[in-house]
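J.: Quick one: the structure is below, questions incoming.
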Amino acid sequence: MSDIIRLLPDSVANQIAAGEVVQRPASAVKELLENTVDAGATDIRLIIRDAGKLLIQVTDNGCGMSEGDARMCFERHATSKIQKADDLMAIRTLGFRGEALASIASIAQVELKTRRHEEEIGTCVVIEGTQFKGQTPVNCPAGTSISVKNLFFNVPARRNFLKSNTLELRYIVEEFFRVALVNPSLAFTFYNNDKVLYQLPVGNLKQRIANLFGASFTQRIIPVESHTALVNISGYIGKPEFARKTKGEQYFFTNGRYIRSPYLHHAVESAFRELIPDDAFPSYFLFMEVDPQHIDVNIHPTKTEINFQDIKTIYAILHAAVKQGIGKFTLTPVLDFESENALDIPVFPADQPVRQPQITINPDYNPFEKKTQPQTSFTFPQKSAIGGWKDFYSPLPSQDREEQQTPGEPPATGALHLEPTAGEEETPGMKGSQVRNSYIVTSTLSGIVIIDQQHAHERILYEKFLVEGQKEAASGQHQLMPQTITLSPGDARLLIEWTELFHRMGFDIGEFGRDSFVVRAIPASIDPGGLRSFIESILEALKNPGGDPKRDQAATLARSLARRLAIKRGKLLRQEEIDAIIESLFACRVPGLSPDGKPTMMVIPYDELNSKLKI
Ligand code: ADP
Ligand code: MG
Numbered sequence: 006m007s008d009i010i011r012l013l014p015d016s017v018a019n020q021i022a023a024g025e026v027v028q029r030p031a032s033a034v035k036e037l038l039e040n041t042v043d044a045g046a047t048d049i050r051l052i053i054r055d056a057g058k059l060l061i062q063v064t065d066n067g068c069g070m071s072e073g074d075a076r077m078c079f080e081r082h083a084t085s086k087i088q089k090a091d092d093l094m095a096i097r098t099l100g101f102r103g104e105a106l107a108s109i110a111s112i113a114q115v116e117l118k119t120r121r122h123e124e125e126i127g128t129c130v131v132i133e134g135t136q137f138k139g140q141t142p143v144n145c146p147a148g149t150s151i152s153v154k155n156l157f158f159n160v161p162a163r164r165n166f167l168k169s170n171t172l173e174l175r176y177i178v179e180e181f182f183r184v185a186l187v188n189p190s191l192a193f194t195f196y197n198n199d200k201v202l203y204q205l206p207v208g209n210l211k212q213r214i215a216n217l218f219g220a221s222f223t224q225r226i227i228p229v230e231s232h233t234a235l236v237n238i239s240g241y242i243g244k245p246e247f248a249r250k251t252k253g254e255q256y257f258f259t260n261g262r263y264i265r266s267p268y269l270h271h272a273v274e275s276a277f278r279e280l281i282p283d284d285a286f287p288s289y290f291l292f293m294e295v296d297p298q299h300i301d302v303n304i305h306p307t308k309t310e311i312n313f314q315d316i317k318t319i320y321a322i323l324h325a326a327v328k329q330g331i332g333k334f335t336l337t338p339v340l341d342f343e344s345e346n347a348l349d350i351p352v353f354p355a356d357q358p359v360r361q362p363q364i365t366i367n368p369d370y371n372p373f374e375k376k377t378q379p380q381t382s383f384t385f386p387q388k389s390a391i392g393g394w395k396d397f398y399s400p401l402p403s404q405d406r407e408e409q410q411t412p413g414e415p416p417a418t419g420a421l422h423l424e425p426t427a428g429e430e431e432t433p434g435m436k437g438s439q440v441r442n443s444y445i446v447t448s449t450l451s452g453i454v455i456i457d458q459q460h461a462h463e464r465i466l467y468e469k470f471l472v473e474g475q476k477e478a479a480s481g482q483h484q485l486m487p488q489t490i491t492l493s494p495g496d497a498r499l500l501i502e503w504t505e506l507f508h509r510m511g512f513d514i515g516e517f518g519r520d521s522f523v524v525r526a527i528p529a530s531i532d533p534g535g536l537r538s539f540i541e542s543i544l545e546a547l548k549n550p551g552g553d554p555k556r557d558q559a560a561t562l563a564r565s566l567a568r569r570l571a572i573k574r575g576k577l578l579r580q581e582e583i584d585a586i587i588e589s590l591f592a593c594r595v596p597g598l599s600p601d602g603k604p605t606m607m608v609i610p611y612d613e614l615n616s617k618l619k620i
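Under the numbering used here, the first residue of the sequence shown is numbered 6, with each subsequent residue one higher.
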């Protein structure tokens, strides 16, 4: 019997490899753009026609190639970037497999013009479907220009498989964004069918984001920064209130490379958990610098997935960094509660220019921190530390706040009953007043505060339910004459599944035969009248957690209860209710935002007020 195993001809091997490397025009764009970055270019031009199906041309001012290299670069496994296996451990370039140009050249008509800076004459190589067509000297600028025509001209099956121009263009734009975002120090121009689609001058990351997503987008992002021995993290995250229903701008980069990592995505997303609706997605542009020794980029042919050695630690660092970023931001509406000089309302002498109003924040404040820290400048008091609203009014001499708290005093959060907290004899008069049955106006040492009663109460209830979720909710319960309700089989199953959670929120519900339940107690502010429809609507909300089933169930239930039970705009409030809202809100962990990430309040600093009023 004769042998039947044979080595594949290069042209076939390349076409097979092309199947992995070049699935669509966008993949060719990615490889060509990455090569320009690796070549040290600072000015890069991308030209496409017909969504890249007809032409992809990438021109750069990088190092260029010699005559020999210009031929060689189309060979399989031809690369200038690694020489020995050890080099794989220290990769700093985007490419290293030496597969891209060989693959592209096997499925398109390629023309390469290139010149090294130290040479006077450049070289032009033409290659079609792996077949070398010729090489000639040319006059061309220093750098490299590669044009890729008629992609998949010799693989009709693949060509037919391509999507509409609109969709293919969108893929290309996405690849372009990834390279452009991580290289704001390089200039890019992107022409689509002779029209300039993006013109990106050299700048910093924020400017690059503005150039790609529009100038107003930069109002929607907050910086994130964290430096540790293992990883340096920098970049921006979207403000919670701008989280969108569609998967938005979510970008991770490691060592200059766009990566995909569901695990790290979770680290970011869970940091937003209590702040945005369940069905919204936060934006992020996060850059991680890691020692190349500690990552392996070699596991995916298109290299968007990488292995980190210490992924768990990176997860924790990333999560903390994002939370800290959000924490600093959520504090900004509230500003300076500094007790020392806070009463020092600035007066502007007429002959001096008016100062820019200044906002002072405590950069170390982290609303997620559970423990109370010794406070030099004022941050929102944690529940355990709050002595009462009076603390906000008079700069107290350094007393131990813990001592002021009456033992047995109900916690300041969770004004379900909206009753004034006990032990407040010294409180100077009322704390705030209601305007248009919707806003609560009050003042602090640093400014006038306008609170949206609905968002604020949602936040208060939400945190109350979350806390109640961890202990017995005895205080907020309303005992009923036992009531029986019957639900649809689906709802009944759901309620059984969630019974434990309902219990923790203050319901006392027991199974009572087929799809029926007996309700003995409910959270105090629920109207026992519409009990069944209330429970049904809560179950309805739980049925649509918005995508991620891993979302914390307690938070979902707490959020929907809070939304449902919160005082609405337009409701006239009694003075005690107003005061209770103010006090409870400021005792919250995240007072500035509703559980859906909407602002609960606005602060007008006296500085600003005075300057507006020309005082
Ligand atoms: P890789 O990037 O993995 O090395 P490629 O097939 O993308 O493989 O490129 C092969 C080689 O061609 C590169 O290693 C590099 O030396 C050279 N090359 C490709 N594009 C450029 C460019 N724009 N400027 C200079 N050299 C280039
Ligand atoms: Mg490459």
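C-beta: ideal position from N, C-alpha, C; glycine also.
Keep in mind that this is a model prediction, so the values were computed, not measured.
Would residue 217 be called buried (16 or more neighbouring beta carbons within 10 Å of its own) or exposed?
T.: Residue 217 is buried by the Cβ-count criterion.
J.: Measuring alpha carbon to alpha carbon, tell me which residue in 91, 203, 273 and 39 is nearest residue 1.
T.: Any question about residue 1 goes unanswered here, given that the chain covers just 6 to 620.
J.: What residues are listed by DSSP as bridge partners for residue 138?
T.: Looking at the DSSP assignment, residue 138 forms no beta bridge with any residue, so it has no partner.
J.: For residue 268, count neighbouring Cβ atoms within 10 angstroms of its own Cβ and tell me buried if that reaches 16, exposed if not.
T.: Residue 268 is exposed by the Cβ-count criterion.
J.: What first and last residue would you give for the beta strand (DSSP E) that runs through residue 2?
T.: For residue 2 there is no data in the structure shown, the boundaries of the chain being 6 and 620.
J.: Reducing DSSP to helix, strand and coil, say where residue 120 ends up.
T.: DSSP places residue 120 in strand when its eight states are reduced to three.
J.: Would residue 287 and residue 243 be called neighbours here (beta carbons separated by less than 9 Å)?
T.: Yes. Within cutoff.
J.: Quick check: the Cα distance between residue 585 and residue 247, rounded to an integer number of angstroms?
T.: Approximately 29 Å, taken between the alpha carbons.
J.: According to DSSP, is residue 240 part of a helix, a strand, or is it coil?
T.: Residue 240: strand per DSSP, three-state reduction.
J.: Looking at the structure shown, is residue 25 part of a helix, part of a strand, or coil, going by DSSP?
T.: Note: residue 25 maps to helix in three-state DSSP.
J.: Note the first and the last residue of the continuous beta strand (DSSP E) segment covering residue 232.
T.: Segment 226-232, the beta strand (DSSP E) holding residue 232.
J.: Residue 245 and residue 291: beta carbons closer than 9 Å?
T.: Not a contact, by the Cβ cut-off of 9 Å.
J.: What is the C-beta distance between residue 445 and residue 609, in whole angstroms, given that I count them as a contact (C-beta under 8 Å)?
T.: Actually they do not touch by this definition, with Cβ atoms about 14 Å apart.
J.: For residue 21, count neighbouring C-beta atoms within 10 Å of its own C-beta (all shown protein chains included) and say buried if the count is 16 or more, exposed if not.
T.: Residue 21 is exposed by the Cβ-count criterion.
J.: Please name the residue, chosen from 546, 10 and 571, that lies closest to residue 282 on a Cα-to-Cα basis.
T.: Measuring from the Cα of residue 282, the nearest candidate turns out to be 546.
J.: Can you name, in chain order, every residue of its own chain whose Cβ lies under 6 Å from the Cβ of residue 515, other than the five neighbours on each side?
T.: For residue 515, where only same-chain residues beyond five positions count, the Cβ hits under 6 Å are 523.
J.: Considering Cα atoms alone, identify which of 495, 197, 462 and 601 is closest to residue 53.
T.: When only C-alpha atoms are compared, the closest one is 197.
J.: Quick check: the segment 254-272 against the segment 307-316, are there 3 or more CB pairs under 8 Å?
T.: Yes, the segment 254-272 touches the segment 307-316.
J.: Taking 9 Å as the threshold (C-beta atoms), are residue 103 and residue 84 in contact?
T.: In this structure, residue 103 lies closer than 9 Å to residue 84 by Cβ.
J.: From the DSSP secondary-structure annotation, give me the bridge partner or partners of residue 255.
T.: Per DSSP, 289.
J.: With distances taken between CB atoms, is the gap from residue 132 to residue 79 smaller than 9 Å?
T.: Closer than 9 Å, so yes.
J.: Counting only the same chain and skipping the five closest in sequence on each side, list residues whose C-beta sits under 6 Å from that of residue 440.
T.: Around residue 440: 446.
J.: Would you kindly check if the distance between the Cβ of residue 544 and the Cβ of residue 496 is under 9 Å?
T.: Yes.
J.: For residue 59, collect the residues of the same chain with a Cβ closer than 6 Å to its Cβ; drop the 5 residues on either side in sequence, then sort them by chain order.
T.: Hits under 6 Å: none found.
J.: Less than 9 Å between the beta carbons of residue 482 and residue 527, yes or no?
T.: A contact, by the Cβ cut-off of 9 Å.
J.: Please give me, in chain order, every unbroken run of the alpha helix (DSSP H) with length at least 4 that falls completely inside the segment 592-616.
T.: Whole alpha helix (DSSP H) segments, 4+ residues: zero.
J.: CB residue 24 to CB residue 148, shorter than 9 Å?
T.: No.
J.: Using only the heavy atoms of the ligand ADP, determine whether one of them is closer than 8 Å to the beta carbon of residue 83.
T.: The answer is yes for residue 83.
J.: With a threshold of 16 other CB atoms inside 10 Å of the CB of residue 619, please say whether the residue is buried or exposed.
T.: Residue 619 is exposed by the Cβ-count criterion.
J.: How is the alpha helix (DSSP H) around residue 74 delimited, first residue to last?
T.: Where residue 74 is concerned, the enclosing alpha helix (DSSP H) stretches over 72-77.
J.: Here's the rule I'm using: 16 or more other beta-carbon atoms within 10 Å means buried, otherwise exposed. How should residue 321 be labelled?
T.: That one is exposed.
J.: With distances taken from CA atoms, which of 294, 100, 187 and 152 is nearest residue 118?
T.: Checking every option, the nearest Cα to that of residue 118 belongs to 152.
J.: Starting from residue 150, trace the beta strand (DSSP E) both ways and give me its first and last residue.
T.: 148-154 is the span of the beta strand (DSSP E), which, as asked, contains residue 150.
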